[in-house]
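Participant:
Protein chains: 2
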Amino acid sequence: MTNPVLVEVTRGAVVESAHRGAVSVFDADGRPVLEIGDTDRPVFPRSAVKAIQALPLVESGAADAYGFGNRELALACASHSGEPAHVELATAMLAKAGLDRKALECGAHWPSSHDATIALARAGGVPNALHNNCSGKHSGFLCTCAHAGISHGGYVKAGHALQEMVREAMQSVTGAAHDVDHCGTDGCSIPTYAVPLKSFARGFARMATGRGFSPERAKAAKRLLSACMAEPFLVAGTGKADVALMQAAPGRIFVKTGAEGVYCAALPELGLGIALKCDDGAGRAAEGMIAAVLAKLLGSDEALAARLTGLARPAIESRVGAKVGLLRPTAALN
Amino acid sequence: MTNPVLVEVTRGAVVESAHRGAVSVFDADGRPVLEIGDTDRPVFPRSAVKAIQALPLVESGAADAYGFGNRELALACASHSGEPAHVELATAMLAKAGLDRKALECGAHWPSSHDATIALARAGGVPNALHNNCSGKHSGFLCTCAHAGISHGGYVKAGHALQEMVREAMQSVTGAAHDVDHCGTDGCSIPTYAVPLKSFARGFARMATGRGFSPERAKAAKRLLSACMAEPFLVAGTGKADVALMQAAPGRIFVKTGAEGVYCAALPELGLGIALKCDDGAGRAAEGMIAAVLAKLLGSDEALAARLTGLARPAIESRVGAKVGLLRPTAALN
């Protein structure tokens, strides 16, 4: 099936570009609440499932052993912008385990924050693995290895004991088999598995409620989502959509973006999990889609819904800052 | 109608994202040679038509009066990367007309070249309007005003004498009415008009051959396309797709990208004009589409077609440079 257009980009009175996608919302009993488009198609979740991938950090006891609070757990679930606060916290997490950035196998890139990139260049710096948007997740992986006494060399590779812990968590939470035929390599070198989009919606309904989990896993999941909602800046960075969405209703909305147009989200008060994918991989469109879906699901809170609807309709500006168009959800998301 | 998927992005053995689009190829007699998808839908050409927008610079006599050769004309048709060579040449063009960057109304942004941005920041600099990817086009506009004795203030606005010259050229070359209902504002503040995609294919077939043009316009069009093909770096910048495509067959391929997934192109030896639009506006996809279309049209030159086919299939890499997927054209472009 062809997924519907969910977001349009206008210029003047004309629709200039259009983005298709699929959306799945499930409750914690495994019942579909909203299904748009093909939600059975396998999708790589990329960074949208970092909170699930961080379960072993908590469940292994590493997070407690190293004294990690909301800030460290939020960074372990983050795609951060490489701003100084992110880099410093990742450094401190590694130090707790007696490690430093040399242990990171995620690769280096300039900060995804443009301002942080300019500041780093002005200071004569060059990026290292700590600036990688995944360095918090990788620091969490390394801390898990250190606490569990697992040799960390090659920890990014499929089959390494750490990645097996991550895969177990992913399979258990999503209920979907993570097999070699649907395994790809993520930008930060770890395995990522394509499974049906709806599996992530089901999984995040469980993450938000603990329904069907062991008491330990339920507690770990709640702790991780709560940490992200308490420290949204550390999950993303200055000006990022995830921060604005989580700050719109503190403690009530969990969202996490993933590369190639993915979002996973949870609404603990409603016991709902959400997953969506923009077919073409555009982050701008995925941001508009998740904001519109959240506005719909939280429609009974009119002020919040209005704020979320505003976030779903960002302006397109010229280089002198004039508003020349906008991004907007289509009727399919009403 | 729903346009077909023309480009896929893979990760491992899985298709992660997909891009739809439309392609139109016309000959200079106005006959369609290849039509894929809905080529009647109005599309903003954005920067893909800068060579048409530069016709008044040549036809007014300004280019000759200021001694502009291939380099200056290529920059007038450019979406450049803001590298030092681009900035210096735009500065020199303005100086010929007794102007400087204060006359530019395009707005400032950091160079689209990441390396140029880092170098500018390291040198303690900040971007100005000369770094705007459109500064060459705007310098051409200002030179046209200066030579023609037109006051240049507000030269970016619809209705200004300069923009009326540009609109006349656009309407005449494409054969499509440019009306206020389909007028938007481009990122650099000038008007851009949405007209059927196929109009641009027809127009570039004329630009490449001069068929149906006055002798003066035919000469100006040939001069502009030849300048771009002679100086591809000045039309784009280091590592850009347009440079690689034009360098693949010097003097035989003209291409120009536009924002939101547009390409216009011409093959003078075959008398063909090409226009395409990726529905979702993705530049990566538009680059793959144009390379695949060029490979198809130039298939009788096997070595060239192989090179273009390679450009249509760039690798997707992890942050440590491992090949983890690729972008590839679908069978619809075979």
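Here the protein sequences line up with chains A and B, keeping their order. Throughout, my numbering is defined as the position within the first sequence, counted from one, plus 178. Throughout, my numbering is defined as the position within the second sequence, counted from one, plus 178. Just so it is clear, CB atoms sit at the ideal spot from N, CA and C, and this is done for glycine as well.
#1: Spell out a yes or no on whether the segment 376-395 of chain B and the segment 441-451 of chain B are touching, meaning 3 or more CB-CB pairs, one atom from each, closer than 8 Å.
#2: Anything in chain B within Cβ reach of G503 of chain A, meaning under 9 Å, just list it in chain order.
#3: On the criterion of 16 or more Cβ atoms from any shown chain inside 10 Å, does V358 of chain A qualify as buried, or is it exposed?
#4: When the cut-off is 8 Å and only beta carbons count, does I468 of chain B lie next to chain A?
#5: Against chain B, does C284 of chain A count as a neighbour if the rule is that its beta carbon must be under 8 Å from one of theirs?
#6: Who are G503 of chain B's beta bridge partners in DSSP?
#7: Assuming A275 of chain A contacts C321 of chain A (C-beta within less than 8 Å), just tell me the rounded distance between them.
#8: List, in chain order, every chain A residue whose beta-carbon is nearer than 7 Å to that of A372 of chain B.
#9: Pull up the CB-CB distance for G260 of chain B and N311 of chain B, whole angstroms please, since I reckon it's below 8 Å.
#10: Output yes or no for whether 8 Å exceeds the beta carbon distance between S367 of chain A and C284 of chain A.
#11: For the putative contact between T508 of chain A and L184 of chain A, defined by C-beta atoms under 8 Å, what is the C-beta separation to the nearest angstrom?
#12: Going by DSSP, what residues sit across from P446 of chain B in a beta bridge?
#13: Select from the segment 216-247 of chain B all residues with a C-beta closer than 7 Å to any C-beta belonging to chain A, and list them in chain order.
#14: Does the count of Cβ pairs from the segment 371-378 of chain A and the segment 197-204 of chain B closer than 8 Å reach three?
#15: State yes or no: is the beta carbon of I296 of chain A nearer than 8 Å to at least one beta carbon in chain B?
#16: Relative to the C-alpha of H316 of chain A, which candidate in A:A339, A:A268, A:P305, A:I296 has its C-alpha closest?
#17: Give a yes or no on whether 8 Å exceeds the smallest Cβ distance from H264 of chain A to chain C.
#18: Which whole-angstrom value is the C-beta distance of K434 of chain B and S225 of chain B, which I expect to be below 8 Å?
#19: Do you know offhand how far R300 of chain A's Cα is from A286 of chain B's?
#20: D205 of chain B bridges to which residues according to DSSP?
#21: Counting only the same chain and skipping the five closest in sequence on each side, list residues whose C-beta sits under 8 Å from that of G514 of chain B.
#22: Which two residues bound the contiguous beta strand (DSSP E) that contains I468 of chain A?
#23: What in chain A is Cβ-close to P438 of chain B, meaning under 7 Å?
#24: So, does the CB of C255 of chain A fall closer than 8 Å to a CB anywhere in chain B?
#25: Can you tell which of A:G314, A:V351, A:I214 has the C-alpha that lies nearest to the C-alpha of S392 of chain A?
#26: Using C-beta distances below 7 Å, list every residue in its chain close to F319 of chain A, excluding the 5 sequence neighbours before and after it, in chain order.
#27: Give the interface partners of H287 of chain A over in chain B, defined as CB-CB distance under 9 Å, in chain order.
#28: Where do the ends of the beta strand (DSSP E) carrying V433 of chain B lie?
#29: Please look up how many angstroms separate the CB atoms of A240 of chain B and V413 of chain B, rounded, as I've assumed it's under 8 Å.
#30: How many Å lie between F246 of chain A and H309 of chain A at the Cα?
#31: Could you tell me whether any Cβ in chain A is nearer than 8 Å to the Cβ of A500 of chain B?
#32: Counting only beta-carbon separations shorter than 8 Å, does A453 of chain B have a partner in chain A?
#33: Can you tell which of B:S238, B:S313, B:G302, B:T295 has the C-alpha that lies nearest to the C-alpha of A254 of chain B?
#34: Taking 8 Å as the threshold (C-beta atoms), are A444 of chain B and L403 of chain B in contact?
#35: Please state whether DSSP places V334 of chain B in a helix, a strand or coil.
#36: Under the assumption that A463 of chain B contacts A490 of chain B (Cβ atoms under 8 Å), give the Cβ distance between them as a whole number of angstroms.
Facilitator: Looking at the atomic coordinates:
#1: With a cut-off of 8 Å, the segment 441-451 of chain B and the segment 376-395 of chain B count as touching, because enough Cβ pairs lie within range.
#2: The answer, in chain order, is G362, T363.
#3: By the 10 Å Cβ count, V358 of chain A comes out exposed.
#4: False, the Cβ-Cβ gap to chain A never drops below 8 Å.
#5: Any Cβ of chain B closer than 8 Å to the Cβ of C284 of chain A would place that residue at the interface, and such an atom is present.
#6: Answer is B:I494, bridged to G503 of chain B.
#7: That pair is a contact at about 5 Å.
#8: The CB of A372 of chain B comes closer than 7 Å to the CB of V192 in chain A, given here in chain order.
#9: Between N311 of chain B and G260 of chain B the Cβ distance is about 7 Å, and since that is below 8 Å, they are a contact.
#10: Taking a C-beta distance under 8 Å as the contact criterion, S367 of chain A and C284 of chain A qualify as a contact pair.
#11: So it is a contact: roughly 6 Å between Cβ atoms.
#12: DSSP lists no beta-bridge partner residue for P446 of chain B.
#13: Those would be P220, F222, in chain order.
#14: In short, these stretches do not touch, since the Cβ pair count stays below three.
#15: Yes - at least one Cβ of chain B is within 8 Å of the one on I296 of chain A.
#16: Of the candidates A:A339, A:A268, A:P305, A:I296, A:A268 places its Cα closest to the Cα of H316 of chain A.
#17: Given the protein chain composition of this structure (A and B), no chain C is represented.
#18: With 8 Å as the limit, K434 of chain B and S225 of chain B qualify as a contact, their Cβ atoms being about 7 Å apart.
#19: Taking C-alpha positions only, R300 of chain A is separated from A286 of chain B by approximately 19 Å.
#20: In the DSSP assignment, D205 of chain B is bridged to B:L450.
#21: An answer regarding residue 514 of chain B cannot be provided, because it is not within the stretch 179 to 512 covered by chain B.
#22: From DSSP, I468 of chain A is part of no beta strand (DSSP E) but of the alpha helix (DSSP H) over 461-475.
#23: Reading the sequence as shown, one finds Glu at residue 438 of chain B and not Pro. Neighbourhood of E438 of chain B in chain A, by CB distance below 7 Å: E194, S195, in chain order.
#24: No, C255 of chain A lies away from the interface with chain B (no Cβ there is under 8 Å from its Cβ).
#25: Just measuring C-alpha positions, the residue of A:G314, A:V351, A:I214 sitting nearest S392 of chain A is A:V351.
#26: Taken in chain order, the residues that qualify are Y333, L340.
#27: Taking the beta carbon of H287 of chain A as reference, the chain B residues within 9 Å of it are R497, listed in sequence order.
#28: Residues 432-436.
#29: Rounded, the Cβ-Cβ distance is 19 Å, inconsistent with contact.
#30: In a straight line, the C-alpha of F246 of chain A is about 20 Å away from that of H309 of chain A.
#31: At least one chain A Cβ lies under 8 Å of A500 of chain B.
#32: Not one chain A Cβ lies under 8 Å of A453 of chain B.
#33: Per the C-alpha coordinates, the member of B:S238, B:S313, B:G302, B:T295 positioned closest to A254 of chain B is B:S313.
#34: At a Cβ-Cβ threshold of 8 Å, L403 of chain B and A444 of chain B count as neighbours.
#35: When secondary structure is reduced to three states using DSSP, V334 of chain B falls in the coil class, being assigned neither helix nor strand.
#36: Actually they do not touch by this definition, with Cβ atoms about 11 Å apart.
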